[in-house]
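**Student:**
Chains as they are written, first to last, in this note's numbering: chain A, 1 to 758; chain B, 759 to 885.
#1: Note the first and the last residue of the continuous alpha helix (DSSP H) segment covering residue 646/A.
#2: Could you tell me whether the Cβ of residue 636/A comes closer than 7 angstroms to any Cβ of chain B?
#3: Kindly say whether residue 516/A, judged by its beta-carbon, lies nearer than 7 angstroms to any beta-carbon of chain B.
#4: When you compare only the Cα positions, how much space is there between residue 173/A and residue 222/A?
#5: Assuming residue 704/A is part of the alpha helix (DSSP H), what are its boundary residues?
#6: Nearest to residue 843/B by alpha carbon, out of 107/A, 177/A, 632/A, 645/A?
#7: Rounded C-beta distance between residue 67/A and residue 456/A? I'm assuming under 8 angstroms.
#8: Between 837/B, 863/B, 767/B, 777/B, which lies nearest to residue 726/A when the distance is taken from Cα to Cα?
#9: Within 10 angstroms of its Cβ, does residue 234/A collect 16 or more other Cβ (buried), or is it exposed?
#10: Quick check: what's the CA-CA separation for residue 475/A versus residue 397/A?
#11: Does residue 749/A pass the burial test, meaning 16 or more other C-beta atoms within 10 Å, or should it be called exposed?
#12: Find the nearest neighbour of residue 590/A within the set 691/A, 337/A, 345/A, 626/A, judged by alpha-carbon distance.
#13: Within 7 angstroms of any Cβ in chain B, is that where the Cβ of residue 740/A sits?
#14: Does residue 632/A come within less than 7 angstroms of chain B when only Cβ atoms are used?
#15: Can you check whether the CB of residue 723/A is closer than 7 angstroms to the CB of residue 815/B?
#16: Flag this pair as touching only if the segment 179-197 of chain A and the segment 36-56 of chain A have three or more C-beta atom pairs under 8 angstroms; answer yes or no.
#17: Show which residues of chain A have a CB atom less than 7 angstroms away from the CB atom of residue 795/B.
#18: Kindly indicate if chain A contains any beta-carbon less than 7 angstroms away from that of residue 866/B.
#19: Nearest to residue 702/A by alpha carbon, out of 789/B, 821/B, 806/B?
#20: Is residue 849/B close to chain A, meaning its C-beta is less than 7 angstroms from at least one C-beta of that chain?
#21: Can you tell me whether residue 63/A is helix, strand or coil according to DSSP?
#22: Would you say residue 203/A and residue 150/A are within 7 angstroms of each other, going by their C-beta atoms?
#23: State buried or exposed for residue 320/A, treating a residue as buried only when at least 16 other CB atoms are found within 10 Å of its CB.
#24: Would you report the Cα separation of residue 8/A and residue 157/A, rounded to the nearest angstrom?
#25: So with Cβ pairs under 7 angstroms, would you call residue 828/B a contact of chain A?
#26: Using the beta-carbon of each residue, which ones in chain A are nearer than 7 angstroms to residue 824/B?
#27: Is residue 112/A close to chain B, meaning its C-beta is less than 7 angstroms from at least one C-beta of that chain?
#28: Report yes if the C-beta distance between residue 123/A and residue 107/A is below 7 angstroms; otherwise report no.
#29: Could you give the residue range of the beta strand (DSSP E) that holds residue 40/A?
#30: Evaluate residue 833/A with the Cβ neighbour count: other Cβ atoms within 10 Å of its Cβ, from every protein chain shown; 16 or more gives buried, anything less gives exposed.
#31: Of all the CB atoms in chain B, is at least one closer than 7 angstroms to the CB of residue 552/A?
#32: Which residue comes first and which comes last in the beta strand (DSSP E) that contains residue 772/A?
#33: What do you get for residue 659/A, buried or exposed, if any count of 16 or more other CB atoms within 10 angstroms of its CB means buried?
#34: Compute the distance between the beta-carbons of residue 774/A and residue 308/A, then report whether it is under 7 angstroms.
#35: If we define contact as Cβ-Cβ less than 7 angstroms, is residue 818/B a contact residue for chain A?
#36: Go to residue 22/A, then tell me how far its alpha helix (DSSP H) extends in each direction, as first and last residue.
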C-alpha cells in the first residue's frame with residue numbers, strides 16, 4: 001500500500017476557488033426549489049428538422065440527485081484542494097471533476113433519451129480519465145480501462161434498449177415513456193428493451209456480475225472515490241431504474257431481475273468485503289452492497305419502496321462520502337490504508353476520528369443517525385411488499401456486514417492500543433477535515449429536524465412511486481419492528497467485527513474465487529479477444545486470392561440463404577409468364593443457345609484464344625436478345641464491344657505464355673460453390689419473374705422525356721440527361737482504365753523491343 | 759421461353775464461378791467478364807422484356823405507347839461499357855503479370871501479401 005501521492009513539499013497551485021462553482025449551483029438549486037414548484041421543464045430546439053428537441057426535466061428524484069451532485073461536489077472540491085495541495089497536476093483533476101459534474105447534472109436532468117445517453121456516456125468517459133489519473137501506475141491504467149470497457153459496453157446495450165423503448169412508446173422522452181406506462185406492456189419487444197436497459201444500469205451501478213470494476217476503481221485519488229464511486233456516478237444506474245420503475249414495476253421480468261440481482265450483489269459484496277485489508281477497498285465493497293440494496297428496493301413493488309430508495313440513497317451518500325474522506329485522511333497522514341498497520345489513531349487525528357464515528361453510526365444504522373431512518377423506511381417497504389424470507393435473511397447479513405465495516409473504519413483504526421504507525425503522523429489540514437465533518441453534521445441535523453429533508457425525500461419518492469401520498473410518507477417512520485431487527489443485526493455485526501481477522505484468514509484461503517469469479521472472466525475475455533482476432537486473421541487473411549474468393553462467395557450464398565429463410569416470403573412462381581412464348585421466340589432461343597454454348601465451352605476449351613472467343617459468344621447471345629426485345633441501342637453497343645474485344649484480345653494474347661494448355665478448373669469445393677451459385681441465381685430469377693412489375697419510373701421517363709429533355713429516344717435521354725452524372729462516372733471509369741493501362745502497355749512494348757532485339 | 763433464359767443464365771453464373779475459382783489468371787478475368795454479362799442480363803430481365811418496340815417516341819407523338827422498359831436499358835448500357843473497360847484493363851494487367859511470373863497462377867500473385875506465418879501481421883498475444 002502506498003500513499004496516493006508522495007509527500008512532495010513543492011506547493012502546487014491552490015484550486016479552492018473551484019469549489020465556488022458547485023457551491024453556487026447548490027445554492028441556486030436550493031433557491032429554485034424554494035421559489036418554483038417541481039417539476040421544472042426546459043425545452044430547447046436541437047434538430048427541429050428531425051423532430052428532435054433537447055428536453056430537460058427536474059422532478060423530485062432529479063432534484064435529490066442534483067442536491068447530492070452539487071452539495072457533495074462542493075465539499076469534495078474543498079477536500080480535493082487540500083488533498084492535492086502538493087500535486088503539480090491538480091489543475092487537470094479539477095477540470096475533469098468539473099466536466100464530470102456537468103455530465104452528471106445533464107444525465108439526471110435530461111428527459112430526452114438521446115441526451116440522457118450522451119451525458120451517461122460522458123460520465124463514463126470522465127470516470128475513465130479520473131480513475132486513470134495516476135497514469136504512470138500500470139494498475140491505475142488497467143482499472144481505468146476495466147471501468148471504461150464495462151460501463152461503455154453497458155452503455156451500448158443501454159443505447160439499444162432506449163432506441164427500442166422509444167420505438168415501442170413512440171416518444172423520445174423519459175416522462176413520455178413513464179406516462180405511457182402499462183400500455184407498453186403488450187409489446188413483444190418490451191422484454192428485449194428492458195433487458196438491454198437493465199444491462200446498462202447494472203454495469204453503471206456495478207451490479208453482479210459486473211461489480212468488480214468498482215473496487216478496482218479505488219486506484220483513483222480519494223476525492224474521486226468519494227465523489228464518483230460512492231455518492232454520484234454509481235447511483236446513476238439506480239437513478240435510471242428508479243426513473244423507469246413507475247412504468248414497469250408490475251412486470252415480473254423487471255421485478256424479479258432487480259430484486260434478484262440486487263440481493264445477489266448486496267450479499268456477494270458483503271462477503272467479499274471480508275476478504276480485503278485495504279480500508280478503501282473494504283469501503284468500496286460496502287458501497288457495492290449498498291448499490292445492490294438500492295436496486296433491490298427499486299424492484300420492490302410497494303409504494304413505500306420509493307421512499308426507501310430516496311432515503312437510503314441520501315443516507316448512503318451522506319455517510320459513505322465522509323468515510324472515504326476518512327480513508328483518504330488516514331492514507332494522507334500515515335501513508336497506508338492497510339487496516340493491519342493502523343491502530344490507535346484517535347489521539348493523533350481527533351477530528352478525523354470524530355467524523356469516522358459519526359459516519360460509522362449512520363452506516364451501522366444506529367438510532368440518532370440518518371442511517372437509522374433509512375433502515376426503518378427500508379424495513380417498512382419490505383414489510384409492505386411481503387418479500388421472500390431469503391431476501392430478509394440476506395438483508396440481515398448485508399446490514400451486519402455494514403455494522404462490522406463501520407466498526408473497522410470507526411473503531412478499529414482509531415481506538416485500540418496506540419501503536420507507532422509508520423512515518424510521521426499528523427492531523428490533516430482543515431480543508432480535509434471540514435468537508436466530511438460538515439456532511440456528517442448535516443446528516444445529524446436531518447435526523448433531528450426531519451422537516452428539512454422530508455419534503456425533498458417525499459418529492460423524490462413520489463417520482464419513483466407515484467402512488468405514495470405525502471401523508472402516508474410522513475407517517476411511515478414507525479420505528480417499531482426496526483429496533484428488534486436492529487438488535488439482531490447489531491449482534492451479528494458485532495460478532496463479525498470481532499471475528500474479522502479470523503474470517504478474513506478463512507476467506508483469503510478460498511482461491512477459487514480469484515480463479516473463477518467474474519473478474520477472472522473479464523481478464524480471460526480481455527486476452528481471448530485479441531487471440532481470437534489473431535487466429536481468424538491468420539486463417540481468413542491467407543493472402544491467396546482463391547481463398548478470398550471462396551470465402552466471399554460462400555458468405556454471400558449463406559447470407560442469401562439466410563435472408564430467404566428469415567424473410568419466409570413464399571416464392572411466387574408465375575408459371576404462365578415463365579412459359580409464355582415471347583413475340584420473336586426464335587431470337588430468344590438463339591440467345592439461349594449462344595449463351596449456353598459460350599458458358600460451357602469456356603469451361604472445357606483448353607486454348608487461351610478459344611476461351612476468350614467462347615466468352616465472346618455470351619456477348620453476342622446477349623446482343624441478339626437485346627436486338628429483338630426492343631433494345632437496339634444495347635444490341636449495337638454489345639456487338640461493337642465484342643468486336644473490339646476480339647482485336648484487343650488478339651493483340652494481348654501474344655504476350656501470354658505461348659499456347660500452354662490450361663489446367664482443368666478446380667476442386668470439389670469449387671464445384672459445390674458453382675452449383676450453389678447457379679441454383680441461387682435460378683431461384684432468385686424465378687422469384688423475380690413472379691414479382692409484380694413496378695413501371696412507375698419507366699412511365700415517368702416516358703412521359704417527361706419529350707417535354708422536359710426534348711428527346712425522342714427515351715434510353716438516350718436517360719443516359720445523357722436524367723442520369724447524366726452516371727454517364728459522367730462511366731466516362732471517368734473509361735478514362736481511368738486507359739490511364740492505368742498506358743504504363744502497362746509501355747512495359748509490354750519495352751519487352752517486345754528487348755525480345756526482338758536479342 | 760423466359761424459363762429457358764433463366765436456366766441459361768444460371769448455367770452461365772455457375773460456369774463463371776468455376777472459372778473465377780480456377781486460379782488461372784486468364785480464366786479468372788474471363789469468368790469475371792462472364793459474370794458481368796450475366797448481371798447485365800439479370801437487370802434486363804428485371805425490366806420484363808416482352809415488347810419488341812424500342813422506347814422511342816414516334817415523330818409527332820407526345821408520349822410513348824406500349825414499348826420496352828427504357829430504364830433497365832439505360833442501366834445496362836452503362837454497365838456494358840464499364841465492363842468492357844474493366845476487361846480491357848484486366849487483360850493488359852495479366853499480360854504484364856505474365857511477364858513477371860509465367861505460372862499465371864492467381865494464388866502466386868502475392869508479392870505484397872504477408873505469408874500465413876508472417877510474424878508481424880496478426881498480433882498473437884501471450885496470455
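All C-beta atoms in this analysis are idealised placements derived from N, C-alpha and C, irrespective of residue type, glycine included.
**Tutor:** The relevant details are as follows:
#1: 632-652
#2: no
#3: no
#4: 36 angstroms
#5: 696-709
#6: 645/A
#7: 7 angstroms
#8: 837/B
#9: buried
#10: Because the pLDDT of residue 475/A is 47, which lies under 50, any placement of that residue in the model is unreliable, and the number read from its coordinates should be weighed accordingly. If I take the Cα positions, the gap works out to 28 angstroms.
#11: exposed
#12: 626/A
#13: yes
#14: yes
#15: no
#16: no
#17: 618, 619, 622
#18: no
#19: 821/B
#20: yes
#21: helix
#22: yes
#23: buried
#24: Low per-residue confidence applies at residue 8/A: pLDDT is 43, beneath 50, and the placement is therefore not dependable, though the value from the model is reported in the following sentence. Taking the straight line joining both Cα atoms gives about 44 angstroms.
#25: yes
#26: None at all; the shortest Cβ gap to chain A is about 10 angstroms.
#27: no
#28: yes
#29: 40-47
#30: The first residue shown for chain A is 1 and the last is 758, placing residue 833/A beyond what the model contains.
#31: no
#32: Residue 772/A cannot be examined here, being either before or after the span of chain A that is shown, 1 to 758.
#33: Confidence at residue 659/A is low in this model, with a pLDDT of 49, below 50, so the placement of that residue should be treated as unreliable; the coordinate-derived value is given next. Residue 659/A should be labelled exposed.
#34: The question about residue 774/A has no answer here: the residues shown for chain A are numbered 1 through 758.
#35: no
#36: 20-35
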